[in-house]
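In what follows, a structure is listed as structure tokens, so that the remarks can point back to it.
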Amino acid sequence: MIRRAIPPWLFWLLAIGGVAFLLGAYEMVSARQTRINPLQSTIPSFEKLGEGLKQIFRPQGLPENPKPPMFWVDIRATLWRLFMGMGFGVAASVVVGVLMGAYRWIEAPLGPVVMFLSKVPPTAMMPIYFALVGTDQKMFTSMVALGIFFTMTQSIYQAVRQDVSDEAINKAYTLGASEFEVIYEVIWKQILPKIIDGIRLQIGPAMVFLLAAEMVVGNAGLGYQIRMQSRILNMSIVYVYLAILAFVGLIAEWGLATLRKKLCPWYVD
Amino acid sequence: MSTKPKRIGQTFVSEFALEIKALSHVFGSYRVLDNINLQVLPGQIVAVVGPSGCGKSTLLRAILGTDPPTHGEILTDGTPVCGPTRNVGIVYQNYALYDFMSAERNVGFGLKMDETTMWMRFFQTRKYIAKRRGHIKKSLEFLRVVGLADACGKYPREMSGGMRQRVAVAQAFIMRPKIVLLDEPFGALDEAMREDLQIMLLRFYQENLIAKKEGRRPEYTILMVTHELNEAIYVADRVIGLSRFHTNGNQGAAIVYDRPCPIFHPDNPRDFSKFVEQREELRKAVFDEEYIKDRDKYVTFWKELGALANSVAGV
Numbered sequence: 001m002i003r004r005a006i007p008p009w010l011f012w013l014l015a016i017g018g019v020a021f022l023l024g025a026y027e028m029v030s031a032r033q034t035r036i037n038p039l040q041s042t043i044p045s046f047e048k049l050g051e052g053l054k055q056i057f058r059p060q061g062l063p064e065n066p067k068p069p070m071f072w073v074d075i076r077a078t079l080w081r082l083f084m085g086m087g088f089g090v091a092a093s094v095v096v097g098v099l100m101g102a103y104r105w106i107e108a109p110l111g112p113v114v115m116f117l118s119k120v121p122p123t124a125m126m127p128i129y130f131a132l133v134g135t136d137q138k139m140f141t142s143m144v145a146l147g148i149f150f151t152m153t154q155s156i157y158q159a160v161r162q163d164v165s166d167e168a169i170n171k172a173y174t175l176g177a178s179e180f181e182v183i184y185e186v187i188w189k190q191i192l193p194k195i196i197d198g199i200r201l202q203i204g205p206a207m208v209f210l211l212a213a214e215m216v217v218g219n220a221g222l223g224y225q226i227r228m229q230s231r232i233l234n235m236s237i238v239y240v241y242l243a244i245l246a247f248v249g250l251i252a253e254w255g256l257a258t259l260r261k262k263l264c265p266w267y268v269d
Numbered sequence: 001m002s003t004k005p006k007r008i009g010q011t012f013v014s015e016f017a018l019e020i021k022a023l024s025h026v027f028g029s030y031r032v033l034d035n036i037n038l039q040v041l042p043g044q045i046v047a048v049v050g051p052s053g054c055g056k057s058t059l060l061r062a063i064l065g066t067d068p069p070t071h072g073e074i075l076t077d078g079t080p081v082c083g084p085t086r087n088v089g090i091v092y093q094n095y096a097l098y099d100f101m102s103a104e105r106n107v108g109f110g111l112k113m114d115e116t117t118m119w120m121r122f123f124q125t126r127k128y129i130a131k132r133r134g135h136i137k138k139s140l141e142f143l144r145v146v147g148l149a150d151a152c153g154k155y156p157r158e159m160s161g162g163m164r165q166r167v168a169v170a171q172a173f174i175m176r177p178k179i180v181l182l183d184e185p186f187g188a189l190d191e192a193m194r195e196d197l198q199i200m201l202l203r204f205y206q207e208n209l210i211a212k213k214e215g216r217r218p219e220y221t222i223l224m225v226t227h228e229l230n231e232a233i234y235v236a237d238r239v240i241g242l243s244r245f246h247t248n249g250n251q252g253a254a255i256v257y258d259r260p261c262p263i264f265h266p267d268n269p270r271d272f273s274k275f276v277e278q279r280e281e282l283r284k285a286v287f288d289e290e291y292i293k294d295r296d297k298y299v300t301f302w303k304e305l306g307a308l309a310n311s312v313a314g315v
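Chains as they are written, first to last, in the numbering used here: chain B, 1 to 269; chain A, 1 to 315.
Have a look at this one:
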């Protein structure tokens, strides 16, 4: 029967089984490929992946003049770009989304523009960013920020319109709130969980835009390194980087879910 | 709506808590309300009844200030209504509580808005915390009044409909507005919960009577829209009927019924026989489409009140 409950032990057994199956299948395919071509590196064995892992944490450069490990350089560059881009994008979309949801005279001119531009894929806008802001940090930041801005503005605007009733706003006025207080004390606090959820949902697309940009014009970063290593078929590093990306996504997801629980204990999905 | 009115609390300047003068409301070419005149004394509990679509909610929104009338004037304690302000409290059928606040914080929200500023909340933390302690204490007192002392820490989603409505009532009354509007407040509740809340309103009325006896201005002035005739007569001390079924009905709904109701004591059992006659009269005067009469035929509240005052004075 659809959605019939299963015992927790069975659930966990199946979950572990799923992961074990994936790893086992990978190892089988890798071994088969190695039998065909002992020098293959497209599906490296776990041993090779371990070597790749060691390599990314090894200091670069000459022993007398060591440089930070590859992993540290790349993750720092990518996360900083992501943080800056998302910071600006989220801040702008919160301001514009809330104002659009609160005031019809702001919603009227901005609504169609936001809706139209949200349909343009940010990666397709890359040439425009290159032309307008160059190919440095500003470009990555503006690409991530604008990439998430339109979609997130729309979702915040929808949250204000749907989650904050006219009654709640009118009541706030009758309880002595000023207009700014209604926005901060009622609207902002009511939609805060939706904003946090919006950030969670936008991390994935933001990473796509960022990695695409890094692959095209980066000189450091996870996207840049994946492209460089895949060119020389050094897949043991590519796969490790992909796993790192998955971990970054999981940690961000968990962190934001925890933050939402902490800040909005009243909220239920 | 942009200005924050100063708290004037229970300093009354007018004889009437609410005064409506020649109010009419038109939607396009459709005239909903026609020449409504109404005065509500402090301490009265007034029930407004009428057929669906007769303009009860339009009238309520006009008094609240969210939907100004096309003609006429509304005054709360002598002050014209220009938008929703703290002079008029509101309790909605759907409670409209703030989901992100516990019961005590919902009740204390108005006090926070009233007695603290954004500056204080962010930059004068100590002063703010001290104020908030006072607000929470007062909120707890109000929650006790509405029988919810044990639920102070619960969020709205953790409460039943009746509990939420009690919180909404406390939230409105803690601000001591000139008048509180109840918009079909018990419509979504089961029978037992309705009765509990009706009794709570009767207790408020008893407190009004005590205040009057002691020469104080009564605190609870209520205008309640309801579609339940029994409830209207049981809870209110005055019933108003809005209807288009009068000789000038094509001009819009008007007050076609305005009479006092018997006063019930919250501790006495309900005596339905006491209001059967009035309920039938109300049904005929307000809801009977066939019964077209002069709009003032049953509008006798002030005459009856004057007669009562004269008989008490022995004139």
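Using N, Cα and C, we set each Cβ at its ideal position, and we do this for glycine too.
For residue j and residue i, the rounded distance between their alpha carbons
i	j	result
V316(A)	L18(A)	With chain A covering only 1 through 315, there is no way to say anything about residue 316(A).
L242(A)	A253(A)	6 Å
R203(A)	R104(B)	43 Å
L305(A)	E115(A)	39 Å
G18(B)	F11(B)	11 Å
L270(B)	M207(B)	Look at the range of chain B in this structure, 1 to 269, and you will see that residue 270(B) is not part of it.
S2(A)	E214(A)	Low local confidence applies: a pLDDT of 41 at S2(A) is under 50, so the model's placement there is unreliable, and no value is given.
V239(A)	E107(B)	43 Å
E277(A)	E207(A)	27 Å
R126(A)	G218(B)	49 Å
N310(A)	F301(A)	14 Å
T85(A)	F272(A)	38 Å
V90(B)	T153(B)	8 Å
V145(A)	I174(A)	11 Å
G43(A)	I2(B)	58 Å
V180(A)	V96(B)	35 Å
M126(B)	R61(A)	51 Å
P8(B)	I251(B)	24 Å
K48(B)	Q229(B)	14 Å
V32(A)	F123(A)	50 Å
A92(B)	L245(B)	26 Å
P270(B)	K284(A)	There is no way to answer for residue 270(B), as the model of chain B reaches only from 1 to 269.
CB-CB length for residue i against residue j, believed under 8 Å
i	j	result
E181(B)	M113(A)	6 Å
L197(A)	A170(A)	Not quite, the Cβ-Cβ distance comes to about 12 Å (not below 8 Å), so this is no contact.
L282(A)	I222(A)	That pair is no contact at about 18 Å.
I196(B)	G52(B)	Wrong, their Cβ atoms sit about 35 Å apart, outside the cutoff.
L40(A)	G65(A)	First, the residue type needs correcting, since residue 40(A) is Val and not Leu in the sequence shown. The pair is not a contact, with the Cβ atoms about 16 Å apart (cut-off 8 Å).
Q225(B)	Y239(B)	Their Cβ separation, rounded to whole angstroms, is 12 Å, which puts Q225(B) and Y239(B) out of contact at 8 Å.
E158(A)	V225(A)	Going by Cβ atoms, the distance from E158(A) to V225(A) rounds to 28 Å, so no, they are not a contact pair.
P109(B)	G147(B)	At roughly 22 Å, the Cβ-Cβ gap does not stay under 8 Å, so P109(B) and G147(B) are not in contact.
L175(B)	F100(A)	The pair is not a contact, with the Cβ atoms about 15 Å apart (cut-off 8 Å).
Under 7 Å from the C-beta of residue i: neighbouring residues of chain A
i	result
G158(B)	According to the sequence shown, residue 158(B) is Gln rather than Gly. Per Cβ cutoff of 7 Å: no residues; Q158(B) is ~17 Å from chain A at best.
A168(B)	A96 and Y98
K271(B)	Examination of residue 271(B) is not possible in this model, given that chain B is present from 1 through 269 alone.
7 Å Cβ cut-off: residues of chain B touching residue i
i	result
F100(A)	K189, Q190, C264 and W266
F109(A)	L175
R86(A)	T174, L175 and G176
M113(A)	L175, G176, A177 and E181
Contact set between residue i and chain A, taken where Cβ atoms lie within less than 8 Å
i	result
F180(B)	M118
V186(B)	Y98
S165(B)	N94 and A96
Residues that residue i contacts on chain E, provided the C-beta gap is smaller than 8 Å
i	result
T123(B)	The structure shown contains no chain E; its protein chains are B and A.
Proximal residues of chain B, C-beta to C-beta of residue i below 8 Å
i	result
R157(A)	W266 and V268
G161(A)	Near G161(A) there are no residues of chain B at all, since even the closest Cβ is about 15 Å away, more than 8 Å.
G153(A)	The premise fails here: G153(A) is roughly 11 Å from chain B at the closest Cβ pair, so nothing lies under 8 Å.
L64(A)	N170 and T174
G83(A)	Y173
Cross-chain neighbours of residue i in chain B, by beta carbon under 9 Å
i	result
M224(A)	Correct list: empty, because the minimum Cβ distance to chain B is about 16 Å.
M193(A)	Within 9 Å Cβ-Cβ: nothing; M193(A) doesn't reach chain B, min ~20 Å.
Check: Within the chosen definition, does the stretch 179-192 of chain A reach the stretch 152-166 of chain A through at least 3 CB pairs nearer than 8 Å?
Finding: Contact between the stretch 179-192 of chain A and the stretch 152-166 of chain A is present, because at least three Cβ pairs lie under 8 Å.
Item checked: Complete beta strand (DSSP E) runs within the stretch 25-91 of chain B (minimum length 3 residues, chain order) -> 60-62 and 65-67
Next item on the list: Pick out the complete beta strand (DSSP E) segments inside the stretch 231-258 of chain A, 3 residues or longer, and give them in chain order.
Entry: Fully enclosed beta strand (DSSP E) runs of 3 or longer: 238-243.
Checklist line | Within the stretch 138-174 of chain A, ranges of the alpha helix (DSSP H) (whole runs, at least 4 residues) | finding: 161-173
Item checked: Any 3 or more C-beta pairs closer than 8 Å across the stretch 274-293 of chain A and the stretch 244-253 of chain A -> yes
Notebook entry, point to check: What are the uninterrupted segments assigned as alpha helix (DSSP H) that are 4 or more residues long and contained completely in the stretch 185-226 of chain A, given in chain order?
Noted result: 191-213
Next item on the list: Scan the stretch 154-237 of chain B and note each continuous alpha helix (DSSP H) run of 4 residues or more that stays entirely inside, going in chain order.
Entry: 166-174, 189-217 and 222-231
Item checked: Sufficient close CB pairs (3 or more, under 8 Å) joining the stretch 20-35 of chain A to the stretch 70-81 of chain A -> yes
Next item on the list: Say whether the stretch 68-87 of chain B touches the stretch 159-175 of chain B, bearing in mind that this needs 3 or more beta-carbon pairs closer than 8 Å, one atom from each stretch.
Entry: no
Notebook entry, point to check: Per the contact definition of three or more C-beta pairs closer than 8 Å, is the stretch 53-60 of chain B in contact with the stretch 110-117 of chain B?
Noted result: no
Margin query: Measuring CB atoms only, is the stretch 44-60 of chain A touching the stretch 93-109 of chain A, in the sense that at least three cross pairs come out at less than 8 Å?
Written below: no
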